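Novice: A single structure is presented below for examination.
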Amino acid sequence: TQKAKGSRALILDSGNFLMVGNQNTSETVWESFGDPADTWLPGMECWKGMKIKSWKSSVDPASALFSLQIDPAPGKTQLMLLYNNSVPYWTTGEWTGENFPNVPESTKKPRRHPGFKKISPTRIYYTFTLTNKLLARIVSTSNGFATGYWLFDNTIWTPVNAVPSQACDTYGVCGPLGVCMSNVILSCSCVNGFKPADEYAWNVDKAWSSGCVRLEYWESSLAHCPSFENIR
């Protein structure tokens, strides 16, 4: 671009890669913190509307199907993973002021100082930092996880946690009227009075997103009205 002529590149200790004016280094033409690809670094501000998009693979930087972002709904203070840029896949739960309900690790040592910053009702961002000099990053992966890494001994990026931590934490894994159970191998079942909509996909492929349909004998029976407990 016309503005970029005579620019030069800088990389900061934070990991932010900048294109700045050749004569005026305070003139930022472009920065990686504003266009983060699949990686979120400490100190980076994730604004509402910004997406941290997964790569297709570890060697292919083309965008894949998952992205991490702030919930776009008004007033929401939670992060969410989206499938195909539009379908909710998982959320952190609303920010409590200290952590996210679905990410208990968010306040474990080495302690982070995260938080939402609201500039205006429509302008909000989330950021986090670390109290020590440990290098860390969060990566939106191609298989639908937000994975945290630490750099141990300045040599190896080691995964330390990943969310969602259980299949039942994701949206719609068992489909309509399906119940997800994380403590058994077969993760989904139907509520009383219902059966799998696609028996083959359910029992053979272990693909449960088609959910459940009502059993025929329940259609004409008003004698049984089931109650459901401990389901969220």
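Each residue of the sequence shown is one higher than the one before, counting from 1223 in the working numbering. In this text, a Cβ means the ideal position worked out from N, Cα and C, and glycines have one as well. As the structure is a prediction and not an experimental result, all values here were calculated from the model.
1) Closer than 7 Å by C-beta to R1230: which residues in its own chain qualify, once you throw out the five before and the five after it? Chain order, please.
2) Tell me whether T1377 is buried or exposed, calling it buried when 16 or more other Cβ atoms sit within 10 Å of its Cβ.
3) Would you check if the distance between the CB atom of P1398 and the CB atom of T1392 is smaller than 8 Å?
4) DSSP three-state call for S1254: helix, strand or coil?
5) Could you compute how far the alpha carbon of L1301 sits from the alpha carbon of R1334?
6) At the level of alpha carbons, what is the spacing between K1417 and W1430?
7) Cα separation between G1394 and K1340?
8) Taking C-beta to C-beta, are S1362 and K1298 nearer than 8 Å?
9) So the candidates are R1436, P1336, N1383 and P1310; which of them puts its Cα closest to the Cα of N1321?
10) Below 8 Å CB to CB, which residues in the same chain sit around I1346 once its five sequence neighbours on both sides are set aside?
11) For P1294 and A1259, which I take to be in contact (beta-carbon distance under 8 Å), what is that distance rounded to the nearest angstrom?
12) Go ahead and pull the three-state DSSP assignment for N1414.
13) Please state whether the Cβ-Cβ distance between C1402 and A1423 is less than 8 Å.
14) Between the alpha carbons of L1173 and A1419, how many angstroms are there, rounded?
15) Along the chain, where does the beta strand (DSSP E) that runs through A1368 open and close?
16) Within the same chain, show all residues whose beta-carbon is closer than 6 Å to that of F1239, passing over the 5 residues directly before and after it, in chain order.
17) Can you give the beta carbon distance from L1290 to A1368, rounded, assuming they're within the 8 Å contact cut?
18) Determine the closest residue to S1236 out of S1308, P1296, R1359 and T1250, with distance taken between C-alpha atoms.
19) Return the first residue and the last residue of the alpha helix (DSSP H) that A1423 is part of.
20) Any idea which residues DSSP pairs P1310 with across the strands?
21) Can you give the Cα-Cα distance for V1382 and Y1371, rounded to whole angstroms?
22) Which two residues bound the contiguous beta strand (DSSP E) that contains S1362?
23) Is the Cβ-Cβ distance between F1288 and G1228 less than 8 Å?
24) Alpha carbon to alpha carbon, how far is S1279 from K1273?
Specialist: From the atom records:
1) Leaving aside the five residues that flank R1230 on each side, the residues in its chain whose CB is nearer than 7 Å to its CB run, in chain order, V1242 and N1244.
2) T1377 sits exposed, since fewer than 16 C-beta atoms from the chains shown fall within 10 Å of its C-beta.
3) One thing to note: P1398 has its Cβ no nearer than 8 Å to the Cβ of T1392.
4) Helix at S1254.
5) When rounded, the distance between both Cα atoms is 16 Å.
6) Distance from the CA atom of K1417 to the CA atom of W1430, rounded to whole angstroms, is 11 Å.
7) Roughly 31 Å separates the two Cα atoms.
8) No; because the gap between Cβ atoms is not below 8 Å, this pair is not in contact.
9) Measuring C-alpha to C-alpha distances from N1321 to each of R1436, P1336, N1383 and P1310 identifies P1336 as the nearest.
10) The beta carbon of I1346 is closer than 8 Å to those of W1269, K1270, I1292, T1299, F1338, K1339 and K1340 in its chain, skipping five residues each way along the sequence.
11) That pair is no contact at about 20 Å.
12) Taken through DSSP and simplified to helix, strand or coil, N1414 comes out as coil.
13) Result no, Cβ atoms of C1402 and A1423 do not sit closer than 8 Å.
14) There is no way to answer for residue 1173, as the model of the chain reaches only from 1223 to 1454.
15) It spans A1368 to F1374 - the beta strand (DSSP E) in which A1368 sits, taken as one unbroken run.
16) Cβ neighbours of F1239 beyond the five flanking positions: I1233 and S1254.
17) Contact flag correct, Cβ pair sits at about 5 Å.
18) Ranking S1308, P1296, R1359 and T1250 by CA distance to the CA of S1236 puts R1359 first.
19) Element bounds for A1423: E1421 to N1425.
20) Note: P1310 sits in a beta bridge opposite L1304.
21) For V1382 and Y1371, the gap between their C-alpha atoms comes out near 6 Å.
22) Judged by DSSP secondary structure, S1362 falls within the beta strand (DSSP E) whose first and last residues are A1358 to S1362.
23) Not in contact: F1288 and G1228 (Cβ atoms no closer than 8 Å).
24) Here the alpha carbon of S1279 sits roughly 17 Å from the alpha carbon of K1273.
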